[in-house]
Structure formats: C-alpha cells, structure tokens
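**Student:**
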Amino acid sequence: SKIAAEYYVFTLGQLYGIETVALRIFNAYGPYQPLPASHAPVIPLFMRQVLTGGSVVIFGDGRQTRDFVYIDDVVDALVAAALAPDVDRQIINVGSGQEVSVRELVRHIERVTRRKANVIENAGQDGGVSRLVADITLARQKLGFSPKVDIETGLRLLLELDPRFRQLR
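Numbers given in my numbering equal positions in the sequence shown, counted from 1, plus 123.
Here's what the structure looks like:
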C-alpha cells in the first residue's frame with residue numbers, strides 16, 4: 124500500500140541518515156499521460172471521447188469530486204520538496220486545492236473543445252469516493268507551493284500540447 128511505502132521510506136531514511144519527504148499527489152494530468160485500455164485516467168479518457176464523438180460514461184450521480192492538478196504544478200512541488208529545509212519525514216499533499224465534480228469536468232472539456240459531450244449516465248455503478256480534495260496548507264507553508272494552472276487552463280494546454288488530442292481538434 125501507499126502508506127506502507129511511505130513508512131518504509133521514512134524508516135530507511137532514519138536508518139541511513141537520509142532526509143525523506145512523502146508527497147501525496149492527487150489526480151495529476153497533462154500531455155502524454157498514458158491512456159490504457161482499462162482503468163484509464165478520467166481527463167484524457169473524457170477528452171478523447173468528446174473529441175472523437177464517443178460516449179462519456181459517468182458512473183454514479185456525477186457529483187463526486189476530485190482534485191485535478193496539472194503536471195507542471197506537480198513538478199514545481201517535487202522541485203520545491205527536494206530543496207526545502209525542515210521537511211524530513213513530512214507527508215505533504217500536492218493538488219490544486221480545488222474540487223471539480225465529474226459533471227463539471229465534462230462541462231469544462233466541452234468549453235475547451237467547443238464540442239458537446241454525448242453523456243451516458245450509469246447511476247447503478249459506484250462512482251467511487253464522493254469527495255476527494257487535497258488540503259495543500261502544508262505544501263504552501265513548507266514548500267511555498269501554490270498551484271498556477273486551473274482546470275480550464277490545464278485542459279487547454281492538454282489540447283494544445285498533446286498530439287493525440289491536437290490532431291482531433
């Protein structure tokens with residue numbers, strides 16, 4: 124598990140005198156993110172479906188929220204953690220600090236692509252955790268981290284920079 128891995132790293136750090144910090148990265152997205160056939164990340168999956176005229180399947184009621192963080196912000200947090208003093212054995216959340224529901228995500232993608240999504244609701248299937256948002260207070264305090272890319276800007280960058288999506292526009 125992720126928690127076990129964190130404890131393992133902290134223990135090794137303590138044993139060998141190495142500073143360690145665990146960053147809990149929330150739903151990262153950006154250009155070139157893999158799109159496997161099963162369990163694909165929601166943003167590139169929905170983007171592809173909207174651009175190709177496919178169906179966007181929403182599980183549950185679509186009100187479940189996630190914290191989507193653009194890859195450039197994640198990289199900024201990683202660099203800040205590597206350089207920050209006094210973060211040894213800290214666990215720090217990295218996210219945007221903003222909740223976006225699955226339904227809102229679809230609307231953002233529609234605006235960015237200027238296309239209407241063919242939404243299919245599957246209310247009978249569990250949509251997962253109802254609310255997931257990063258508390259980035261510690262990241263702000265310890266790393267000076269402040270996400271710069273909001274969801275709509277990140278989706279525009281994804282559309283512009285990822286050739287898989289750029290060619291479908």
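Glycine is no exception: its CB is placed at the ideal position from the N, C-alpha and C atoms.
(1) Counting C-beta neighbours from all protein chains within 10 Å, is the total for Pro270 16 or more, i.e. buried, or is it exposed?
(2) I'd like to confirm something about Glu222: is its beta-carbon nearer than 8 Å to some heavy atom of the ligand MG, or not?
(3) Per DSSP, what are the beta-bridge partners of Leu146 in this structure?
(4) I think Glu222 touches Arg186, with their Cβ atoms under 8 Å apart; what is that distance to the nearest whole Å?
(5) Can you tell me which of the three DSSP states Ile126 falls into?
(6) Which residue or residues does DSSP assign as beta-bridge partners of Tyr193?
(7) Over what stretch of residues does the alpha helix (DSSP H) that includes Val252 continue unbroken?
(8) Please confirm whether Asp249 has its beta-carbon closer than 9 Å to some beta-carbon of chain C.
(9) How should Leu281 be labelled, buried or exposed, when 16 other C-beta atoms within 10 angstroms of its C-beta is the threshold for buried?
(10) Just verifying my parser: in three-state terms, what is the DSSP assignment at Phe133?
**Tutor:** So, to answer that:
(1) Around the CB of Pro270, 16 or more other CB atoms lie within 10 Å, so the residue is classed as buried.
(2) Although the ligand MG was asked about, the structure shown includes no ligands whatsoever.
(3) Under the DSSP definition of a beta bridge, Leu146 partners with Ile215.
(4) So it is not a contact: roughly 10 Å between Cβ atoms.
(5) Ile126 falls in the helix class under three-state DSSP.
(6) For Tyr193, which the question treats as bridged, DSSP gives the partners Tyr152.
(7) Annotation: Val252 is outside any alpha helix (DSSP H) and is labelled neither H nor E by DSSP.
(8) Reference to chain C is not applicable here, since this structure consists of a single protein chain.
(9) It is buried - the Cβ of Leu281 has at least 16 other Cβ atoms within 10 Å.
(10) Per DSSP, reduced to three states, the secondary structure at Phe133 is helical.
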